[in-house]
Amino acid sequence: MVERTDLVPLLGSTLGATPPAATLPSPGGSVLTLPSGDVAARLRHLGATRRRATYELLIVNGSSETVAAYTRAVSHAAGAPGAAQVWQGALVPAFSSVTVCVDVARTRHGETAPVVAELRAAGTRLIIGAPPAGDAQTQRGKPLPGMLAFATVVIATLGLGIVHGKSVGDASPAKPFAGHRPAKVIAAHRHHASPPRQLAATQPGVPPLQVAGLQVPASVRSGESVSIDYTTAGTDGTVALVDESGRTVARTALDPRGVSVLVAPNVVTAQDFDVVIAARRDGQRAQAVAPLFVRPAEPRPKPQARASAPPAPGTSAAAGVATQNGSVDADAVTVPIGVAAVQSVGRPIVVRVLAHPRALHLSLFAAGGTPLAERDVPKDAANVVFPALTKARELSLITTYDQGSGEESTITPISIR
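Counting with my numbering, you get residues 1 to 417 for the letters of the sequence shown.
Encoded structure:
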(Lines of atoms letter the chains of each structure in order from A and count residues from 1; the text may use other names and numbers.)
(Lines give C-alpha, C1' and ligand atoms only; values in the text may rest on other atoms or scores of the structure.)
Protein backbone atom coordinates (compact mmCIF):
# COMPACT_ATOMS: atom_id res chain seq x y z
CA MET A 1 0.00 0.00 0.00
CA VAL A 2 1.41 3.40 -0.99
CA GLU A 3 -0.10 6.60 0.35
CA ARG A 4 0.72 10.30 0.56
CA THR A 5 1.24 11.85 3.95
CA ASP A 6 2.94 14.69 5.78
CA LEU A 7 6.39 13.39 6.66
CA VAL A 8 7.36 16.19 9.06
CA PRO A 9 5.98 14.52 12.25
CA LEU A 10 7.03 11.09 11.00
CA LEU A 11 10.64 12.00 10.28
CA GLY A 12 11.13 14.62 12.95
CA SER A 13 10.06 12.34 15.79
CA THR A 14 12.22 9.37 14.81
CA LEU A 15 15.66 10.90 14.26
CA GLY A 16 17.55 10.30 17.49
CA ALA A 17 19.76 13.34 16.90
CA THR A 18 18.35 16.24 14.90
CA PRO A 19 19.97 16.22 11.44
CA PRO A 20 21.09 19.38 9.63
CA ALA A 21 18.28 21.64 8.45
CA ALA A 22 19.12 20.80 4.84
CA THR A 23 18.10 17.18 5.42
CA LEU A 24 14.65 17.92 6.85
CA PRO A 25 11.95 17.31 4.23
CA SER A 26 9.24 19.70 3.22
CA PRO A 27 5.65 18.44 3.62
CA GLY A 28 4.76 15.65 1.23
CA GLY A 29 6.47 12.44 0.30
CA SER A 30 5.74 8.75 -0.08
CA VAL A 31 5.07 6.05 2.49
CA LEU A 32 5.42 2.30 1.95
CA THR A 33 3.10 0.51 4.39
CA LEU A 34 4.35 -2.88 5.64
CA PRO A 35 2.76 -5.24 8.18
CA SER A 36 5.41 -4.30 10.77
CA GLY A 37 5.38 -0.52 10.18
CA ASP A 38 5.88 2.27 7.64
CA VAL A 39 8.85 3.20 5.46
CA ALA A 40 8.85 6.90 4.52
CA ALA A 41 10.90 8.32 1.64
CA ARG A 42 11.45 11.79 0.16
CA LEU A 43 13.42 12.52 -3.04
CA ARG A 44 14.10 16.17 -3.83
CA HIS A 45 16.44 18.39 -5.82
CA LEU A 46 18.91 20.42 -3.74
CA GLY A 47 20.80 22.45 -6.35
CA ALA A 48 22.95 22.36 -9.46
CA THR A 49 26.18 23.68 -10.96
CA ARG A 50 27.13 23.90 -14.62
CA ARG A 51 28.29 20.29 -14.62
CA ARG A 52 26.23 18.44 -12.05
CA ALA A 53 22.89 18.41 -10.21
CA THR A 54 22.49 17.24 -6.61
CA TYR A 55 19.51 15.31 -5.24
CA GLU A 56 18.76 14.12 -1.72
CA LEU A 57 17.01 10.85 -0.81
CA LEU A 58 15.85 10.71 2.82
CA ILE A 59 14.56 7.34 4.12
CA VAL A 60 13.03 6.60 7.53
CA ASN A 61 12.51 2.89 8.19
CA GLY A 62 9.88 2.60 10.92
CA SER A 63 9.38 -1.13 10.38
CA SER A 64 11.13 -4.25 11.65
CA GLU A 65 12.19 -5.16 8.09
CA THR A 66 15.51 -4.36 6.40
CA VAL A 67 14.88 -2.06 3.41
CA ALA A 68 17.00 -2.14 0.24
CA ALA A 69 17.13 1.31 -1.40
CA TYR A 70 18.29 1.87 -4.99
CA THR A 71 18.81 5.08 -6.96
CA ARG A 72 19.67 5.74 -10.59
CA ALA A 73 19.66 8.52 -13.16
CA VAL A 74 17.45 7.83 -16.18
CA SER A 75 19.70 7.73 -19.23
CA HIS A 76 19.02 10.22 -22.04
CA ALA A 77 19.04 7.21 -24.34
CA ALA A 78 16.61 5.23 -22.20
CA GLY A 79 14.27 4.81 -25.12
CA ALA A 80 16.96 3.40 -27.40
CA PRO A 81 17.28 -0.38 -27.83
CA GLY A 82 19.77 -1.90 -25.39
CA ALA A 83 20.02 1.26 -23.30
CA ALA A 84 21.51 0.60 -19.86
CA GLN A 85 20.89 2.13 -16.47
CA VAL A 86 23.32 2.21 -13.54
CA TRP A 87 21.77 1.30 -10.18
CA GLN A 88 23.34 1.88 -6.78
CA GLY A 89 21.91 1.25 -3.36
CA ALA A 90 22.27 0.75 0.38
CA LEU A 91 20.60 -1.31 3.10
CA VAL A 92 18.49 0.53 5.70
CA PRO A 93 18.22 -1.56 8.91
CA ALA A 94 15.04 -1.76 10.96
CA PHE A 95 14.13 1.38 12.93
CA SER A 96 16.82 3.59 11.41
CA SER A 97 17.07 6.43 8.91
CA VAL A 98 19.58 7.41 6.22
CA THR A 99 20.19 10.37 3.95
CA VAL A 100 21.68 9.62 0.53
CA CYS A 101 23.18 12.34 -1.69
CA VAL A 102 22.90 11.69 -5.43
CA ASP A 103 25.08 13.71 -7.86
CA VAL A 104 24.07 13.54 -11.51
CA ALA A 105 26.29 14.78 -14.33
CA ARG A 106 24.80 17.34 -16.73
CA THR A 107 25.35 17.41 -20.48
CA ARG A 108 27.33 20.06 -22.30
CA HIS A 109 24.02 21.82 -23.00
CA GLY A 110 23.09 21.93 -19.31
CA GLU A 111 20.51 19.12 -19.43
CA THR A 112 20.06 16.76 -16.47
CA ALA A 113 18.57 13.28 -16.49
CA PRO A 114 15.69 12.59 -14.06
CA VAL A 115 16.50 10.60 -10.91
CA VAL A 116 14.51 7.56 -9.77
CA ALA A 117 14.64 5.85 -6.35
CA GLU A 118 13.23 2.44 -5.48
CA LEU A 119 12.62 0.89 -2.05
CA ARG A 120 12.22 -2.87 -1.54
CA ALA A 121 11.08 -4.70 1.59
CA ALA A 122 8.98 -7.77 2.41
CA GLY A 123 8.29 -8.46 -1.27
CA THR A 124 6.91 -4.94 -1.86
CA ARG A 125 8.34 -2.13 -4.00
CA LEU A 126 7.94 1.65 -3.86
CA ILE A 127 9.24 3.76 -6.79
CA ILE A 128 9.56 7.54 -6.48
CA GLY A 129 11.08 10.04 -8.88
CA ALA A 130 12.28 13.62 -9.09
CA PRO A 131 12.14 15.86 -12.19
CA PRO A 132 15.37 17.02 -13.84
CA ALA A 133 16.96 20.21 -12.58
CA GLY A 134 16.19 23.32 -14.64
CA ASP A 135 18.64 25.96 -15.79
CA ALA A 136 17.20 28.46 -13.31
CA GLN A 137 18.43 26.27 -10.46
CA THR A 138 22.06 26.30 -11.63
CA GLN A 139 24.54 27.60 -9.08
CA ARG A 140 28.23 28.21 -9.18
CA GLY A 141 30.36 25.45 -7.73
CA LYS A 142 33.07 22.92 -8.37
CA PRO A 143 32.21 20.03 -10.69
CA LEU A 144 32.10 16.42 -9.55
CA PRO A 145 32.81 13.81 -12.29
CA GLY A 146 30.75 10.65 -12.73
CA MET A 147 27.24 9.92 -13.86
CA LEU A 148 25.97 8.88 -10.42
CA ALA A 149 28.21 9.31 -7.34
CA PHE A 150 27.34 9.17 -3.68
CA ALA A 151 28.91 11.06 -0.78
CA THR A 152 31.64 9.13 1.03
CA VAL A 153 30.80 9.62 4.71
CA VAL A 154 29.34 6.54 6.47
CA ILE A 155 28.46 6.18 10.13
CA ALA A 156 30.03 2.74 10.49
CA THR A 157 28.89 2.10 14.05
CA LEU A 158 25.33 1.57 12.82
CA GLY A 159 26.25 -1.52 10.85
CA LEU A 160 24.65 -0.31 7.61
CA GLY A 161 25.16 -2.82 4.81
CA ILE A 162 26.68 -1.46 1.60
CA VAL A 163 25.08 -2.67 -1.61
CA HIS A 164 26.59 -2.58 -5.07
CA GLY A 165 24.94 -1.48 -8.29
CA LYS A 166 24.95 -3.09 -11.70
CA SER A 167 24.33 -1.97 -15.28
CA VAL A 168 20.99 -3.43 -16.30
CA GLY A 169 18.04 -2.54 -18.50
CA ASP A 170 15.23 -0.19 -17.52
CA ALA A 171 14.06 -2.69 -14.87
CA SER A 172 15.55 -2.65 -11.39
CA PRO A 173 18.22 -5.21 -10.41
CA ALA A 174 16.80 -8.73 -10.27
CA LYS A 175 19.29 -9.77 -7.57
CA PRO A 176 20.20 -7.11 -4.99
CA PHE A 177 23.77 -6.54 -3.86
CA ALA A 178 25.40 -7.74 -7.14
CA GLY A 179 27.70 -5.45 -9.11
CA HIS A 180 30.68 -3.20 -8.75
CA ARG A 181 29.71 0.33 -7.70
CA PRO A 182 29.27 1.04 -3.97
CA ALA A 183 26.58 3.37 -2.66
CA LYS A 184 27.15 5.24 0.58
CA VAL A 185 25.10 7.46 2.87
CA ILE A 186 25.95 10.88 4.28
CA ALA A 187 23.89 10.65 7.47
CA ALA A 188 22.35 7.85 9.47
CA HIS A 189 20.48 7.51 12.73
CA ARG A 190 19.74 4.40 14.76
CA HIS A 191 16.50 4.53 16.75
CA HIS A 192 17.06 1.77 19.33
CA ALA A 193 17.45 3.71 22.58
CA SER A 194 15.92 4.23 25.99
CA PRO A 195 13.54 5.74 27.15
CA PRO A 196 10.65 4.52 24.96
CA ARG A 197 9.97 6.76 22.00
CA GLN A 198 7.04 7.52 19.72
CA LEU A 199 6.70 7.20 15.95
CA ALA A 200 3.47 8.64 14.53
CA ALA A 201 2.25 9.47 11.02
CA THR A 202 -0.91 11.60 11.04
CA GLN A 203 -3.07 13.55 8.68
CA PRO A 204 -3.33 17.35 9.11
CA GLY A 205 -5.98 18.29 11.69
CA VAL A 206 -6.32 14.77 13.13
CA PRO A 207 -5.15 14.11 16.72
CA PRO A 208 -2.13 11.79 16.55
CA LEU A 209 -2.46 8.18 17.58
CA GLN A 210 -0.15 7.37 20.49
CA VAL A 211 1.19 4.43 22.46
CA ALA A 212 1.77 5.68 26.01
CA GLY A 213 2.59 4.24 29.41
CA LEU A 214 4.70 1.40 28.01
CA GLN A 215 5.91 -0.79 30.89
CA VAL A 216 8.23 -3.75 30.35
CA PRO A 217 10.23 -5.73 32.95
CA ALA A 218 13.86 -4.66 33.10
CA SER A 219 15.05 -8.25 32.66
CA VAL A 220 13.66 -11.76 32.35
CA ARG A 221 15.03 -15.27 31.88
CA SER A 222 14.70 -17.42 28.78
CA GLY A 223 11.31 -19.07 28.53
CA GLU A 224 9.63 -16.71 30.99
CA SER A 225 6.46 -14.81 30.12
CA VAL A 226 6.94 -11.09 29.48
CA SER A 227 3.90 -9.06 30.53
CA ILE A 228 3.73 -5.81 28.53
CA ASP A 229 1.44 -2.98 29.68
CA TYR A 230 0.59 0.06 27.55
CA THR A 231 -2.17 2.54 26.72
CA THR A 232 -3.33 3.20 23.17
CA ALA A 233 -6.46 4.08 21.21
CA GLY A 234 -5.31 1.79 18.39
CA THR A 235 -7.68 -0.95 17.31
CA ASP A 236 -5.18 -3.14 15.47
CA GLY A 237 -1.46 -3.79 15.40
CA THR A 238 1.30 -5.99 16.73
CA VAL A 239 3.57 -6.38 19.75
CA ALA A 240 6.95 -7.79 18.72
CA LEU A 241 10.27 -8.71 20.31
CA VAL A 242 13.21 -7.64 18.12
CA ASP A 243 16.87 -8.61 18.61
CA GLU A 244 19.91 -6.37 18.08
CA SER A 245 20.12 -7.26 14.37
CA GLY A 246 16.52 -6.17 13.73
CA ARG A 247 15.13 -9.74 13.48
CA THR A 248 11.69 -10.38 15.00
CA VAL A 249 11.92 -13.36 17.40
CA ALA A 250 8.39 -13.23 18.87
CA ARG A 251 5.16 -11.48 17.95
CA THR A 252 1.57 -11.27 19.15
CA ALA A 253 -1.52 -9.23 18.32
CA LEU A 254 -2.11 -5.81 19.87
CA ASP A 255 -4.65 -5.87 22.69
CA PRO A 256 -6.75 -2.65 22.80
CA ARG A 257 -7.06 -3.17 26.56
CA GLY A 258 -3.32 -2.61 26.87
CA VAL A 259 -1.97 -5.98 28.05
CA SER A 260 0.07 -8.35 25.88
CA VAL A 261 2.20 -11.36 26.74
CA LEU A 262 5.30 -12.61 24.93
CA VAL A 263 7.64 -15.47 25.77
CA ALA A 264 11.32 -14.62 26.19
CA PRO A 265 13.48 -16.47 23.63
CA ASN A 266 16.06 -19.05 24.60
CA VAL A 267 19.54 -17.52 24.82
CA VAL A 268 22.90 -19.02 25.76
CA THR A 269 24.35 -15.67 26.87
CA ALA A 270 22.51 -12.58 28.08
CA GLN A 271 21.26 -10.37 25.24
CA ASP A 272 19.48 -7.05 24.71
CA PHE A 273 16.14 -7.01 22.91
CA ASP A 274 13.54 -4.36 22.08
CA VAL A 275 9.79 -4.62 22.65
CA VAL A 276 8.20 -2.88 19.65
CA ILE A 277 4.51 -1.93 19.74
CA ALA A 278 2.92 -0.91 16.40
CA ALA A 279 -0.65 0.40 16.72
CA ARG A 280 -3.07 1.28 13.91
CA ARG A 281 -6.43 3.04 13.71
CA ASP A 282 -8.27 4.64 10.77
CA GLY A 283 -5.13 4.97 8.67
CA GLN A 284 -3.03 6.35 11.55
CA ARG A 285 -0.03 4.51 12.95
CA ALA A 286 1.99 4.84 16.13
CA GLN A 287 4.92 2.96 17.60
CA ALA A 288 6.63 2.72 20.96
CA VAL A 289 9.81 0.83 21.84
CA ALA A 290 11.29 -0.22 25.18
CA PRO A 291 14.43 -2.27 25.98
CA LEU A 292 14.33 -5.77 27.48
CA PHE A 293 17.30 -7.72 28.87
CA VAL A 294 17.02 -11.52 28.52
CA ARG A 295 19.20 -13.81 30.65
CA PRO A 296 19.80 -17.55 30.22
CA ALA A 297 17.38 -19.85 32.01
CA GLU A 298 18.39 -21.40 35.32
CA PRO A 299 18.84 -25.19 35.39
CA ARG A 300 15.69 -26.86 36.63
CA PRO A 301 16.29 -29.18 39.63
CA LYS A 302 15.29 -32.78 39.15
CA PRO A 303 12.06 -33.51 41.06
CA GLN A 304 12.24 -35.95 43.98
CA ALA A 305 9.82 -38.86 44.25
CA ARG A 306 7.30 -38.56 47.06
CA ALA A 307 5.22 -41.33 48.61
CA SER A 308 1.48 -40.92 48.23
CA ALA A 309 -0.97 -40.92 51.12
CA PRO A 310 -4.53 -42.28 51.33
CA PRO A 311 -7.14 -40.03 49.70
CA ALA A 312 -8.83 -37.45 51.89
CA PRO A 313 -12.61 -37.57 52.29
CA GLY A 314 -14.52 -35.77 49.53
CA THR A 315 -11.71 -35.88 46.97
CA SER A 316 -12.88 -36.84 43.45
CA ALA A 317 -10.93 -39.19 41.20
CA ALA A 318 -10.82 -36.61 38.39
CA ALA A 319 -9.07 -34.14 40.64
CA GLY A 320 -6.41 -36.57 41.84
CA VAL A 321 -5.67 -37.98 45.30
CA ALA A 322 -5.04 -35.50 48.12
CA THR A 323 -2.34 -36.14 50.73
CA GLN A 324 -2.51 -35.29 54.44
CA ASN A 325 -0.80 -31.94 53.92
CA GLY A 326 -3.24 -30.91 51.16
CA SER A 327 -1.00 -31.58 48.15
CA VAL A 328 -1.97 -33.88 45.27
CA ASP A 329 -0.36 -37.20 44.48
CA ALA A 330 1.05 -36.72 40.96
CA ASP A 331 0.80 -40.47 40.23
CA ALA A 332 -3.00 -40.31 40.57
CA VAL A 333 -3.57 -37.16 38.49
CA THR A 334 -5.12 -37.85 35.09
CA VAL A 335 -6.80 -34.58 34.03
CA PRO A 336 -5.40 -31.66 36.06
CA ILE A 337 -7.08 -28.95 33.91
CA GLY A 338 -10.24 -28.36 31.93
CA VAL A 339 -10.83 -25.94 29.04
CA ALA A 340 -13.47 -25.51 26.33
CA ALA A 341 -12.30 -26.84 22.97
CA VAL A 342 -13.87 -23.87 21.13
CA GLN A 343 -13.19 -20.30 22.26
CA SER A 344 -14.56 -16.99 20.93
CA VAL A 345 -12.46 -14.32 19.22
CA GLY A 346 -11.88 -11.35 21.52
CA ARG A 347 -12.64 -13.25 24.75
CA PRO A 348 -10.01 -14.42 27.27
CA ILE A 349 -9.18 -18.12 27.39
CA VAL A 350 -10.12 -19.45 30.84
CA VAL A 351 -8.53 -22.73 31.95
CA ARG A 352 -10.09 -24.45 34.99
CA VAL A 353 -7.65 -26.04 37.44
CA LEU A 354 -9.11 -29.38 38.57
CA ALA A 355 -6.06 -30.57 40.48
CA HIS A 356 -2.76 -29.17 41.72
CA PRO A 357 0.05 -31.63 40.99
CA ARG A 358 3.59 -30.56 41.65
CA ALA A 359 5.14 -28.01 39.23
CA LEU A 360 1.92 -27.53 37.21
CA HIS A 361 2.75 -25.40 34.16
CA LEU A 362 0.61 -24.30 31.17
CA SER A 363 1.98 -23.22 27.76
CA LEU A 364 -0.12 -21.86 24.87
CA PHE A 365 1.20 -22.36 21.33
CA ALA A 366 -0.06 -21.28 17.89
CA ALA A 367 -0.09 -23.55 14.84
CA GLY A 368 3.47 -24.27 13.76
CA GLY A 369 4.84 -24.25 17.31
CA THR A 370 4.98 -20.47 17.88
CA PRO A 371 4.78 -19.79 21.66
CA LEU A 372 2.10 -17.28 22.69
CA ALA A 373 2.02 -17.36 26.49
CA GLU A 374 2.78 -19.56 29.48
CA ARG A 375 1.84 -19.68 33.13
CA ASP A 376 3.10 -21.34 36.33
CA VAL A 377 -0.06 -22.37 38.20
CA PRO A 378 -0.11 -21.41 41.91
CA LYS A 379 -1.24 -24.08 44.36
CA ASP A 380 -4.38 -22.15 45.34
CA ALA A 381 -5.44 -21.10 41.81
CA ALA A 382 -8.93 -22.10 40.70
CA ASN A 383 -8.37 -21.07 37.09
CA VAL A 384 -5.77 -19.56 34.75
CA VAL A 385 -6.63 -16.81 32.24
CA PHE A 386 -4.80 -16.28 28.95
CA PRO A 387 -5.20 -13.02 26.95
CA ALA A 388 -7.89 -12.82 24.27
CA LEU A 389 -6.91 -13.22 20.61
CA THR A 390 -8.28 -10.97 17.87
CA LYS A 391 -8.19 -13.47 15.00
CA ALA A 392 -9.51 -16.98 14.43
CA ARG A 393 -6.76 -19.60 14.71
CA GLU A 394 -5.87 -23.06 16.00
CA LEU A 395 -3.98 -23.36 19.30
CA SER A 396 -2.44 -26.07 21.46
CA LEU A 397 -2.44 -25.94 25.27
CA ILE A 398 0.43 -27.99 26.71
CA THR A 399 0.11 -29.01 30.36
CA THR A 400 3.21 -30.25 32.18
CA TYR A 401 3.58 -31.41 35.79
CA ASP A 402 5.75 -33.68 37.92
CA GLN A 403 4.70 -37.31 38.16
CA GLY A 404 6.75 -39.58 40.37
CA SER A 405 10.41 -39.03 39.49
CA GLY A 406 9.62 -37.75 35.98
CA GLU A 407 7.46 -35.23 34.16
CA GLU A 408 4.10 -35.74 32.46
CA SER A 409 2.76 -33.68 29.53
CA THR A 410 -0.66 -33.47 27.87
CA ILE A 411 -1.73 -31.52 24.77
CA THR A 412 -5.22 -30.01 24.49
CA PRO A 413 -6.31 -28.53 21.10
CA ILE A 414 -8.22 -25.23 21.18
CA SER A 415 -10.01 -23.52 18.28
CA ILE A 416 -10.50 -19.74 18.28
CA ARG A 417 -13.61 -18.83 16.23
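Even for Gly, the Cβ is constructed at its ideal location relative to N, Cα and C. Keep in mind the model is a prediction, meaning the values are calculated, not measured.
- Under DSSP, glutamine 271 takes part in a beta bridge, and its partners are Val294.
- The alpha-carbon separation between serine 225 and serine 363 amounts to approximately 10 Å.
- Linking leucine 262 to valine 276 through their CA atoms gives a straight-line distance of about 11 Å.
- A check of alpha carbon separations from isoleucine 59 across Ala48, Arg42, Arg72 identifies Arg42 as the nearest.
- Taking C-beta atoms under 8 Å as the contact rule, threonine 232 and alanine 278 fail to qualify, at a distance of about 10 Å.
- Counting of Cβ neighbours within 10 angstroms places threonine 107 among the exposed residues, the total staying below 16.
- According to the DSSP secondary-structure assignment, tyrosine 55 is paired through a beta bridge with His45, Val102.
- The shortest C-alpha to C-alpha distance from alanine 288 to any of Ala40, Leu209, Leu126, Ala366 is the one to Leu209.
- The beta carbon of histidine 361 is closer than 6 Å to those of Asp376, Thr400 in its chain, skipping five residues each way along the sequence.
- Around the beta-carbon of arginine 352, fewer than 16 other beta-carbon atoms lie within 10 Å, marking it exposed.
- If you check the CB distance, leucine 32 and leucine 119 come in under 8 Å.
- A check of alpha carbon separations from proline 207 across Ala341, Ala286, Gly129 identifies Ala286 as the nearest.
- Judged by their CB atoms, asparagine 61 and proline 93 are nearer to each other than the 8 Å cut-off.
- Each residue's CA atom was taken as its position, placing glycine 213 and aspartate 243 some 22 Å apart.
- Per DSSP, asparagine 266 has no beta bridge partner at all.
- Taking 3 residues as the minimum length, the beta strand (DSSP E) runs contained wholly in the stretch 354-384 are 361-366, 371-376, in order along the chain.
- By the criterion of a C-beta distance shorter than 8 Å, asparagine 383 is surrounded in its chain by Val350, Val351, Arg352, Val353, once the five residues flanking it on both sides are discounted.
- Threonine 410 counts as exposed, since fewer than 16 other beta carbons sit within 10 angstroms of its beta carbon.
- For serine 225, the uninterrupted beta strand (DSSP E) segment begins and ends at 225-232.
- DSSP places arginine 50 outside both helix and strand once states are collapsed to three, so it counts as coil.
- By the CB criterion at 8 Å, serine 260 and proline 387 fall inside the cutoff.
- Here arginine 108 carries a coil assignment [DSSP, helix/strand/coil].
- For glycine 213, the enclosing beta strand (DSSP E) has its first and last residue at 211-215.
- Valine 220 and glycine 369 have their alpha carbons spaced roughly 21 Å apart.
- Pairing valine 294 with alanine 250 gives a Cβ-Cβ distance that is not under 8 Å.
- In this structure, the alpha-carbon of valine 102 lies about 20 Å from that of arginine 125.
- Contact between glutamine 215 and aspartate 236 does not hold, since their C-beta atoms are separated by about 21 Å, which reaches or exceeds 8 Å.
- As DSSP reads the structure, alanine 250 sits in a beta bridge with Leu241.
- In the DSSP assignment, serine 396 is bridged to Phe365, Pro413.
- Here arginine 50 is exposed: its Cβ has fewer than 16 other Cβ atoms, across all protein chains shown, within 10 Å.
- With respect to proline 371, phenylalanine 365 sits close: the two C-beta atoms are nearer than 8 Å.
- About 20 Å separates the beta carbon of alanine 355 from that of isoleucine 414, a gap too long to meet the 8 Å contact definition.
- With a contact defined as Cβ atoms closer than 8 Å, isoleucine 416 and leucine 389 qualify at about 5 Å.
- With a 10 Å radius around the Cβ and a threshold of 16 neighbouring Cβ atoms, valine 98 comes out buried.
- Counting the other CB atoms within 10 Å of its CB gives histidine 109 a total below 16, which places it among the exposed residues.
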